[in-house]
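A.B. asks:
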Amino acid sequence: MAPFRIYLSFLRRFSTAAVTTASPAPITISKAKLKLRKVHDPDKALAIYNSVSKNPSSPLSSRYAMELTVQRLAKSERFSDIEALIESHKNSPKIKTETFLSTLIRSYGRASMFDHAMKMFEEMDQLGTPRSVVSFNALLAASLHSDLFERVPQLFDEIPHRYNSITPDKISYGMLIKSYCDSGSPEKAMEIMRDMEVKDVEVTIIAFTTILGSLYKNGLVDVAESLWNEMVCKGCELDNTVYNVRLMNAAKESPESVKELMEEMSSVGLKPDTVSYNYLMTAYCVKGMMGEAKKVYEGLEKEHDCVPNAATFRTLIFHLCINGLYDQGLTVFKKSAVMHKIPDFKTCKHLTEGLVKNNRMEDARGVARTVKKKFPPRLVTEWKKLEGKLGLYSKASNAAASSSSQTREVFDQEREDAT
DNA sequence: GTAGGGTTAG
709 MAPFRIYLSF
719 LRRFSTAAVT
729 TASPAPITIS
739 KAKLKLRKVH
749 DPDKALAIYN
759 SVSKNPSSPL
769 SSRYAMELTV
779 QRLAKSERFS
789 DIEALIESHK
799 NSPKIKTETF
809 LSTLIRSYGR
819 ASMFDHAMKM
829 FEEMDQLGTP
839 RSVVSFNALL
849 AASLHSDLFE
859 RVPQLFDEIP
869 HRYNSITPDK
879 ISYGMLIKSY
889 CDSGSPEKAM
899 EIMRDMEVKD
909 VEVTIIAFTT
919 ILGSLYKNGL
929 VDVAESLWNE
939 MVCKGCELDN
949 TVYNVRLMNA
959 AKESPESVKE
969 LMEEMSSVGL
979 KPDTVSYNYL
989 MTAYCVKGMM
999 GEAKKVYEGL
1009 EKEHDCVPNA
1019 ATFRTLIFHL
1029 CINGLYDQGL
1039 TVFKKSAVMH
1049 KIPDFKTCKH
1059 LTEGLVKNNR
1069 MEDARGVART
1079 VKKKFPPRLV
1089 TEWKKLEGKL
1099 GLYSKASNAA
1109 ASSSSQTREV
1119 FDQEREDAT
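With this note's numbering applied, the first sequence covers 709 to 1127.
#1: Give the range of the alpha helix (DSSP H) segment to which P1051 is assigned.
#2: Nearest to T1078 by CA position, among K1057, T990, K1065, is which residue?
#3: Between the segment 950 to 964 and the segment 906 to 922, do three or more beta carbon pairs fall short of 8 Å?
#4: Look at A740 and R780 and say whether their C-beta atoms are less than 7 Å apart.
#5: For the putative contact between T982 and Y1005, defined by C-beta atoms under 8 Å, what is the C-beta separation to the nearest angstrom?
#6: How long is the line joining the alpha carbons of S843 and E910, rounded to whole angstroms?
#7: Can you tell me whether S854 is buried or exposed, with buried defined as 16 or more other CB within 10 angstroms of its CB?
#8: So is C889 buried or exposed if we call it buried at 16+ other beta carbons inside 10 Å?
#9: With H, G and I counted as helix, E and B as strand and the rest as coil, what does DSSP make of P732?
#10: Would you kindly work out how many angstroms separate the C-alpha atoms of P963 and G892, rounded to a whole number?
#11: Where does E968 sit, in a helix, a strand or coil, going by DSSP?
#12: Where does Y871 fall in DSSP's three states?
#13: Using 8 Å for Cβ pairs, my map puts P894 next to N926. What's the rounded Cβ distance?
#14: Say whether the segment 809 to 821 touches the segment 834 to 852, bearing in mind that this needs 3 or more beta-carbon pairs closer than 8 Å, one atom from each stretch.
#15: In whole angstroms, give me the CA-to-CA distance for T729 and P1016.
#16: Can you tell me which of the three DSSP states G1037 falls into?
#17: Tell me, to the nearest whole angstrom, how far the beta carbon of T837 is from that of E795; I am working on the premise that it is less than 8 Å.
#18: Can you give the Cα-Cα distance for Q1036 and D1013, rounded to whole angstroms?
#19: Which residue wins for smallest C-alpha separation from I790, given the options L776, E1070, C993, N1031?
#20: Going residue by residue through the segment 768 to 811, where are the continuous alpha helix (DSSP H) segments of at least 4 residues, counting only ones entirely within it?
#21: Taking 7 Å as the threshold (C-beta atoms), are F1053 and H1028 in contact?
#22: Would P801 be called buried (16 or more neighbouring beta carbons within 10 Å of its own) or exposed?
#23: For M939, collect the residues of the same chain with a Cβ closer than 6 Å to its Cβ; drop the 5 residues on either side in sequence, then sort them by chain order.
#24: Is the beta carbon of I1030 less than 7 Å from the beta carbon of T1055?
#25: Quick check: A1076 and E1095, are their CB atoms within less than 7 Å of each other?
#26: The alpha helix (DSSP H) that contains G999, what's its start and end?
#27: What residue from R1022, R786, K783, I867 has the CA that sits closest to P1051's CA?
#28: State buried or exposed for D865, treating a residue as buried only when at least 16 other CB atoms are found within 10 Å of its CB.
#29: Run the CB neighbour count on L930, radius 10 Å, all protein chains shown included, and call it buried at 16 or more, exposed below.
#30: Looking only at its chain, what residues have a beta carbon closer than 8 Å to the beta carbon of R839, apart from the 5 residues adjacent to it on each side?
#31: Who are the near neighbours of A782 in its chain, counting only those whose CB is closer than 6 Å to its CB and skipping five residues on each side?
#32: With burial defined as no fewer than 16 other Cβ atoms inside 10 Å of the residue's Cβ, what is the status of E971: buried or exposed?
#33: Would you call the CB atoms of G882 and I914 closer than 7 Å?
#34: Report the three-state DSSP secondary structure of V983 (helix, strand or coil).
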């Protein structure tokens, strides 16, 4: 049933493509990956994926394409399509290699389908795939991505006992630590860390970073600071991510403390990245210093050679809206649409409501058009309810339509870009 | 990016 659905989806896409665009010819994998990053419609994603998966040239890359496709389908809750897609790979001779099978387990995790991941792990004997810590780690990753953090300690107890070919390594332990951190127990995570030291398993910078972030989030700032000192004393090679976690904490304090820490970052030879600048921008936003926040945003590309990401847009647009700066919010929103990184539902709602309140009906409809194109079906349904409440397409609002040729231009540009 | 775990939600 499910493979047939995929086929139908593909046909559907194929027939529209035949009418509206010139050639649906087979494409290279690198092209497919570029396209997949932009496309959010699950049927389009599947069509792109199918147009390369037949081409056997580069199997390594197509795994990545699969993960992207699965993520698109997962957002639309198309679980039977995901199952069909992933299971179809079991026919490949590569299924006997543990890394390939582990990719499939991990993909199930990306779709929060932990039971399927577990089933695949258990089927390894029948499939003739040898087991090592590689597939065990894939299974742990699948439970973390499925938000089943309580399953991780359980698997940790059971699996290595059941299969003597599996010995947890530093990455397994890293995920165990993450599971405790995600369930709000950084102290328990620190116990695991001490346990690793006893067992002579390396505590990597990633494990440290996980704990550090969790300590800050749970308000255990003093413990976090002493862990940081411990890392520095041990000569741990610090990187951007661990500094970014500290910046997260500094952002709660003040923009000044963020800047100070960013200078420290530079002085140790690290270059602040998009995430770092996002924290600086956030620090200005929460203080209501929107002019300064926008300067950070504008400097991202111009001065710092960084690309704004989804969090950049989400945070900035949200705060522009709650400060009543809908016009500026709209400008930034347009940019986010061009970059296929529109903000979340709540932020889009704020923006649209604000535009309606200011009688900018055509601009509000422009935002709505983009939202409906990019959100998964469930949210589109929700969004249409909002449109009804706002009277976005009522007669009165049509009459009030104004100044929108510019809006159309930008949204049309975005539309072409998406195909 | 090539095996895999870490950072942003007002």
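Backbone N, C-alpha and C define an ideal beta-carbon position, used for all residues, glycine too.
C.D. replies: With the given structure in hand:
#1: Looking at the DSSP string, P1051 is not in any alpha helix (DSSP H), and its letter there is neither H nor E.
#2: A check of alpha carbon separations from T1078 across K1057, T990, K1065 identifies K1057 as the nearest.
#3: Of all C-beta pairs linking the segment 950 to 964 to the segment 906 to 922, three or more are shorter than 8 Å, placing the two stretches in contact.
#4: By the CB criterion at 7 Å, A740 and R780 fall outside the cutoff.
#5: Contact flag wrong, Cβ pair sits at about 11 Å.
#6: Just so you know, the alpha carbons of S843 and E910 end up roughly 20 Å apart.
#7: Counting C-beta atoms within 10 angstroms of its own C-beta, S854 has 16 or more neighbours from the protein chains shown and is therefore classed as buried.
#8: Counting Cβ neighbours within 10 Å, C889 comes out buried, since at least 16 surround it.
#9: Caution is warranted here: a pLDDT of 48 is assigned to P732, below 50, making its placement in the model unreliable, and the coordinate value is therefore given only provisionally. Residue state, collapsed to three classes: coil.
#10: Taking the straight line from one Cα to the other gives about 27 Å.
#11: Reduced to three states, the DSSP call for E968 is helix.
#12: If DSSP states are grouped into helix, strand and coil, Y871 belongs with coil.
#13: Contact between P894 and N926 holds: CB atoms are separated by about 6 Å, below the 8 Å threshold.
#14: Because the criterion of three Cβ pairs below 8 Å is met, the segment 809 to 821 and the segment 834 to 852 touch.
#15: At T729 the pLDDT is 35, less than 50, meaning the model places this residue with poor confidence; the figure from the coordinates comes in the next sentence. The straight-line gap separating the alpha-carbon atoms of T729 and P1016 is approximately 31 Å.
#16: DSSP places G1037 in helix when its eight states are reduced to three.
#17: Cβ-Cβ separation between T837 and E795: approximately 15 Å, too far for a contact (criterion under 8 Å).
#18: Counting only the Cα atoms, D1013 lies some 22 Å from Q1036.
#19: The candidate whose alpha carbon is nearest that of I790 is L776.
#20: Counting only runs that start and end inside the segment 768 to 811, the alpha helix (DSSP H) elements of at least 4 residues fall at 787 to 795.
#21: First, the residue type needs correcting, since residue 1028 is Leu and not His in the sequence shown. Their beta carbons are not under 7 Å apart, which means L1028 does not touch F1053 by this criterion.
#22: P801 counts as exposed, since fewer than 16 other C-beta atoms from the protein chains shown sit within 10 angstroms of its C-beta.
#23: Cβ neighbours of M939 beyond the five flanking positions: F916.
#24: Not in contact: I1030 and T1055 (Cβ atoms no closer than 7 Å).
#25: Less than 7 Å divides the Cβ of A1076 from the Cβ of E1095.
#26: For G999, the enclosing alpha helix (DSSP H) has its first and last residue at 998 to 1010.
#27: For the set R1022, R786, K783, I867, the Cα lying nearest the Cα of P1051 is the one of R1022.
#28: By the beta-carbon neighbour count (other beta carbons within 10 angstroms, threshold 16), D865 is exposed.
#29: First, the amino acid is wrong: residue 930 is Asp here, not Leu. Taking every protein chain shown into account, the CB of D930 has fewer than 16 other CB atoms within 10 angstroms, so this residue is exposed.
#30: Hits under 8 Å: E806, M832, Y871, S873, I874.
#31: So the qualifying residues of the chain are A819.
#32: E971 comes out exposed.
#33: The answer is yes: Cβ separation under 7 Å.
#34: Per DSSP, reduced to three states, the secondary structure at V983 is helical.
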